[in-house]
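Asker:
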Amino acid sequence: MGKKEGYKIGIIPGDGVGPEVIREGLKVLKSAGEKFGIKYDFVNYDFGGERYLKTGEVLPDSTLKEFKQLDAILLGAVGHPEVKTGILEQGLLLKIRFGLDQYINLRPVKLFPGVDTPLANKKPEDIDYCVVRENTEGAYCGSGGFFKKGTSDEIAIQESINTKKGVERCVRYAYELTKGRNKKKELTLSDKANVLTFEGDLWRRTFRQVGKEYPEIKQNFALVDATCMWMVKNPEWFDVIVTSNLFGDIITDLAAVTQGGMGIAAGANINPEGVSMFEPIHGSAPKYTGKNVICPLATIAAGAMMLKILGEEEAAKTIEKAIMKLTGEGRIKSLQAGRMGLSTEEVGDLVAKFI
Ligand code: IPM
Ligand code: MN
Numbered sequence: 240m241g242k243k244e245g246y247k248i249g250i251i252p253g254d255g256v257g258p259e260v261i262r263e264g265l266k267v268l269k270s271a272g273e274k275f276g277i278k279y280d281f282v283n284y285d286f287g288g289e290r291y292l293k294t295g296e297v298l299p300d301s302t303l304k305e306f307k308q309l310d311a312i313l314l315g316a317v318g319h320p321e322v323k324t325g326i327l328e329q330g331l332l333l334k335i336r337f338g339l340d341q342y343i344n345l346r347p348v349k350l351f352p353g354v355d356t357p358l359a360n361k362k363p364e365d366i367d368y369c370v371v372r373e374n375t376e377g378a379y380c381g382s383g384g385f386f387k388k389g390t391s392d393e394i395a396i397q398e399s400i401n402t403k404k405g406v407e408r409c410v411r412y413a414y415e416l417t418k419g420r421n422k423k424k425e426l427t428l429s430d431k432a433n434v435l436t437f438e439g440d441l442w443r444r445t446f447r448q449v450g451k452e453y454p455e456i457k458q459n460f461a462l463v464d465a466t467c468m469w470m471v472k473n474p475e476w477f478d479v480i481v482t483s484n485l486f487g488d489i490i491t492d493l494a495a496v497t498q499g500g501m502g503i504a505a506g507a508n509i510n511p512e513g514v515s516m517f518e519p520i521h522g523s524a525p526k527y528t529g530k531n532v533i534c535p536l537a538t539i540a541a542g543a544m545m546l547k548i549l550g551e552e553e554a555a556k557t558i559e560k561a562i563m564k565l566t567g568e569g570r571i572k573s574l575q576a577g578r579m580g581l582s583t584e585e586v587g588d589l590v591a592k593f594i
């Protein structure tokens, strides 16, 4: 996406700690905006559990249509203890991902200087890779159903749909990303091709076929269970991992812990030809709501990813450097909620100041 005069950004603070981390994310975006002359028009949307409980509305089709006019969306968190599980996840988060065809979920796994990792003897240079998760199909497609529900003969079917088009565009994005990174130039396909033979076959064939266009990139294959082991044992082996929706969901929680926790893990739901959405990977963490103790760095990093994709590379880099300064100087004790030695607000203030 090219640079613009101003950006219209949809803001969905959402539930729980969402509004607090969004407040700090916006603070940092504004500070980078002042420094680099970036203008924003923030449009606030109050979707989430509270609104659903009051009105029964999750995300109207008309609003989804309106989203197509935005330059990007920044989301806090969804999930409310009084709302039945699945309603907000499917009706809000997945509806946006699918509706805006955000077919890439990009999750960088990077250990920032000064941040503790539970992996023994691993340093920032050892943990620096990206996961490219397919984001619009696979097991998330919502296909399936019950047969004889509630009886002793009950059957539940949940299908994983993988289309040639969906796999190909995801794999191609991953090759391009690998090409642009100044690392090993190695792309790993993580799957379960030894058991999920149909989808595994489609993914592997497509991976090899698209790979012909990228002779400079080494192709690597790893079963997803083994991938988990290596992410813990030898994270330095990875440059970029590409995988299906469900596996990508699972391995990126593990990845987040290796980079210091959910407090710093950011993700981007990308439609390279359309509107993308940026979010911290963590959830709404209801028990910490309003306490000013949650780490906002994941949301701040998501804001940097947003600027990068909007074409504001320099501003994005500056935010990333400001985060590294904060962690590197030992100003933040831990990224765990309540153990930062700073409040949510103070973390946002410091990052904004370092910009
Ligand atoms: C994530 C989340 C979502 C997912 C949930 C909330 C639907 O876990 O973004 O990783 O499974 O994709
Ligand atoms: Mn997840």
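The sequence shown runs 240 to 594 under my numbering.
In this text, a Cβ means the ideal position worked out from N, Cα and C, and glycines have one as well.
The beta strand (DSSP E) spanning Ser391 covers which residue range?
Answerer: Your numbering for residue 391 matches position 152 in the sequence shown. Counting along the chain, Ser391 falls outside any beta strand (DSSP E), and DSSP gives it neither H nor E.
Asker: Thinking Thr583 and Val260 are a contact (beta carbons under 8 Å), I'd like their distance in whole angstroms, please.
Answerer: Locating residue 583 in the sequence shown gives position 344, counting from the first residue. Locating residue 260 in the sequence shown gives position 21, counting from the first residue. Sure, about 7 Å apart at Cβ, within 8 Å.
Asker: Starting from Tyr412, follow its DSSP beta bridges and name the residues at the other end.
Answerer: Position 173 of the sequence shown holds residue 412. None; Tyr412 has no bridge partner.
Asker: Any chance the CB of Asp254 is under 7 Å from a heavy atom of ligand 2?
Answerer: What you label residue 254 is simply residue 15 of the sequence shown in a count that begins at 1. Checking every heavy atom of ligand 2 against the Cβ of Asp254, none is found closer than 7 Å.
Asker: Taking 7 Å as the cut-off, is the CB of Ile520 close to at least one heavy atom of ligand 1?
Answerer: Numbered from its first residue, the sequence shown carries residue 520 at position 281. Within the cutoff, so yes.
Asker: Under the three-state reduction of DSSP, which class applies to Leu345: helix, strand or coil?
Answerer: As a first step, residue 345 must be located in the sequence shown, where it is residue number 106. Here Leu345 sits in strand by DSSP.
Asker: Provide the residue(s) that pair with Val615 in DSSP beta bridges, ordered along the chain.
Answerer: Any answer about residue 615 is impossible in this case: the structure gives the chain only from 240 up to 594.
Asker: Within the present structure, is the beta-carbon of Asp492 separated from the nearest heavy atom of ligand 2 by less than 7 Å?
Answerer: Residue 492 sits at position 253 when you count from the first residue of the sequence shown. Checking every heavy atom of ligand 2 against the Cβ of Asp492, one is found closer than 7 Å.
Asker: With a cut-off of 5 Å, give the chain-ordered residues whose Cβ is closer than this to any heavy atom of ligand 1.
Answerer: Selection output, chain order preserved: Glu328 and Asp488.
Asker: Determine which residues share a DSSP beta bridge with Leu292 and list them.
Answerer: Taking the first residue of the sequence shown as 1, we reach residue 292 at position 53. DSSP, once it has assigned bridges, lists no residue as partnering Leu292.
Asker: According to the Cβ coordinates, are Cys534 and Ile562 closer than 8 Å?
Answerer: Taking the sequence shown and counting its residues from 1, the one referred to as residue 534 is at position 295. Taking the sequence shown and counting its residues from 1, the one referred to as residue 562 is at position 323. Against a cut-off of 8 Å, the Cβ pair of Ile562 and Cys534 comes out as no contact.
Asker: Where does Ile251 sit, in a helix, a strand or coil, going by DSSP?
Answerer: Working through the sequence shown from its first residue, we reach residue 251 at position 12. If DSSP states are grouped into helix, strand and coil, Ile251 belongs with the strands.
Asker: Give me the Cβ distance between Ile558 and Ile594, rounded to the nearest whole Å; I'm assuming they're in contact under 8 Å.
Answerer: For this step, residue 558 is matched to residue 319 along the sequence shown. For this step, residue 594 is matched to residue 355 along the sequence shown. Ile558 to Ile594, Cβ: 7 Å. Contact.
Asker: Could you pull the start and end residues of the beta strand (DSSP E) that Met579 belongs to?
Answerer: On the sequence shown, residue 579 is found 340 positions in, with the first residue counted as 1. Taken as a continuous stretch (DSSP letters only), Met579 belongs to no beta strand (DSSP E), as it is neither H nor E.
Asker: By the DSSP assignment, the alpha helix (DSSP H) with Phe306 in it spans what residues?
Answerer: Counting from one through the sequence shown, the residue named residue 306 turns up at place 67. It spans Asp300 to Phe306 - the alpha helix (DSSP H) in which Phe306 sits, taken as one unbroken run.
Asker: Put Val322 into one of helix, strand or coil per three-state DSSP.
Answerer: As a first step, residue 322 is located in the sequence shown; it is residue number 83 there, counting from the start. Coil at Val322, not helix or strand.
Asker: Buried or exposed: where does Glu438 fall if 16 or more other Cβ atoms within 10 Å of its Cβ makes it buried?
Answerer: The residue given as residue 438 occupies position 199 in the sequence shown. By the neighbour-count rule (16 or more Cβ atoms within 10 Å), Glu438 is buried.
Asker: Would you check if the distance between the CB atom of Ile343 and the CB atom of Ile509 is smaller than 8 Å?
Answerer: Within the sequence shown, the letter at position 104 stands for residue 343. Within the sequence shown, the letter at position 270 stands for residue 509. Yes; because the gap between Cβ atoms is below 8 Å, this pair is in contact.
Asker: What would DSSP say about Gln498, mapped onto helix, strand or coil?
Answerer: Taking the sequence shown and counting its residues from 1, one reaches residue 498 at position 259. Here Gln498 sits in coil by DSSP.
Asker: Thinking C-beta only, is Lys307 closer than 8 Å to Leu339?
Answerer: In the sequence shown, counting from the first residue as 1, residue 339 sits at position 100. In the sequence shown, counting from the first residue as 1, residue 307 sits at position 68. Against a cut-off of 8 Å, the Cβ pair of Lys307 and Leu339 comes out as a contact.
Asker: Using the Cα positions of Val434 and Ala378, report the straight-line distance between them to the nearest angstrom.
Answerer: Counting from one through the sequence shown, the residue named residue 434 turns up at place 195. Counting from one through the sequence shown, the residue named residue 378 turns up at place 139. So the two alpha carbons sit approximately 15 Å from each other.
Asker: My assumption, with CB atoms under 8 Å, is that Asp488 sits in contact with Leu462. Please give the rounded CB distance.
Answerer: Walking along the sequence shown from the start, residue 488 turns up at place 249. Walking along the sequence shown from the start, residue 462 turns up at place 223. Going by Cβ atoms, the distance from Asp488 to Leu462 rounds to 17 Å, so no, they are not a contact pair.
Asker: By a C-beta neighbour count over all protein chains shown, 10 Å radius and 16 as the cutoff for buried, is Gln397 buried or exposed?
Answerer: Here residue 397 corresponds to residue number 158 of the sequence shown, with the count starting at 1. So Gln397 counts as exposed.
Asker: Span of the alpha helix (DSSP H) holding Gly384?
Answerer: Position 145 of the sequence shown, counted from the start, is the residue given in the question as residue 384. Segment Gly383 to Phe386 is the beta strand (DSSP E) holding Gly384; no alpha helix (DSSP H) there.
Asker: Using only the alpha-carbon positions, how far apart do Pro252 and Gly272 sit?
Answerer: Residue numbering aside, residue 252 sits at position 13 when the sequence shown is read from its first letter. Residue numbering aside, residue 272 sits at position 33 when the sequence shown is read from its first letter. Using only the alpha carbons, I get a separation of about 20 Å.
Asker: Using DSSP with H/G/I as helix, E/B as strand and the rest coil, what is Ile509?
Answerer: If you number the sequence shown from 1, residue 509 lands on position 270. Strand.
Asker: In chain order, what residues of the same chain have a beta carbon less than 8 Å from the beta carbon of Arg447, not counting five sequence neighbours either side?
Answerer: Mapped onto the sequence shown, residue 447 falls at position 208. Around Arg447: Gln458.
Asker: Using CA coordinates, which residue listed in Val322, Lys361, Lys388 and Thr302 is at the minimum distance from Asn473?
Answerer: Here residue 473 refers to the residue found at position 234 of the sequence shown. Ranking Val322, Lys361, Lys388 and Thr302 by Cα distance to Asn473 puts Lys361 first.
Asker: Is the distance from the Cβ of Gly318 to the Cβ of Gly522 below 8 Å?
Answerer: Stepping through the sequence shown from its first residue, residue 318 is reached at position 79. Stepping through the sequence shown from its first residue, residue 522 is reached at position 283. In this structure, Gly522 lies closer than 8 Å to Gly318 by Cβ.
Asker: Would you tell me roughly how many angstroms separate the C-alpha atoms of Ser573 and Thr356, rounded to the nearest one?
Answerer: Taking the first residue of the sequence shown as 1, we reach residue 573 at position 334. Taking the first residue of the sequence shown as 1, we reach residue 356 at position 117. Cα-Cα distance, rounded: 10 Å.
Asker: In chain order, what residues of the same chain have a beta carbon less than 8 Å from the beta carbon of Asp280, not counting five sequence neighbours either side?
Answerer: Working through the sequence shown from its first residue, we reach residue 280 at position 41. Closer than 8 Å at Cβ, skipping near neighbours: Gly245, Tyr246, Lys247 and Ile248.
Asker: Which residue from Thr436, Asn531 and Cys380 puts its Cα closest to that of Gly580?
Answerer: Reading the sequence shown from its first residue, position 341 is the one you call residue 580. Measuring from the Cα of Gly580, the nearest candidate turns out to be Asn531.
Asker: Determine whether the beta carbon atoms of Met516 and Ile250 lie at a separation below 8 Å.
Answerer: Position 277 of the sequence shown, counted from the start, is the residue given in the question as residue 516. Position 11 of the sequence shown, counted from the start, is the residue given in the question as residue 250. No, these two residues do not count as a Cβ contact at 8 Å.
Asker: For Thr417, which residues from the same chain have a beta carbon less than 8 Å from its beta carbon, with the 5 sequence-adjacent residues on both sides left out?
Answerer: What you label residue 417 is simply residue 178 of the sequence shown in a count that begins at 1. So the list reads Lys424, Glu425, Leu426, Tyr453, Ile456, Asp478 and Val479, once near-sequence residues are dropped.
Asker: Contact check, Val297 vs Tyr527 under 8 Å by CB: the rounded distance?
Answerer: Here residue 297 is taken as the residue at index 58 of the sequence shown, counted from 1. Here residue 527 is taken as the residue at index 288 of the sequence shown, counted from 1. Between Tyr527 and Val297 the Cβ distance is about 24 Å, and since that is not below 8 Å, they are no contact.
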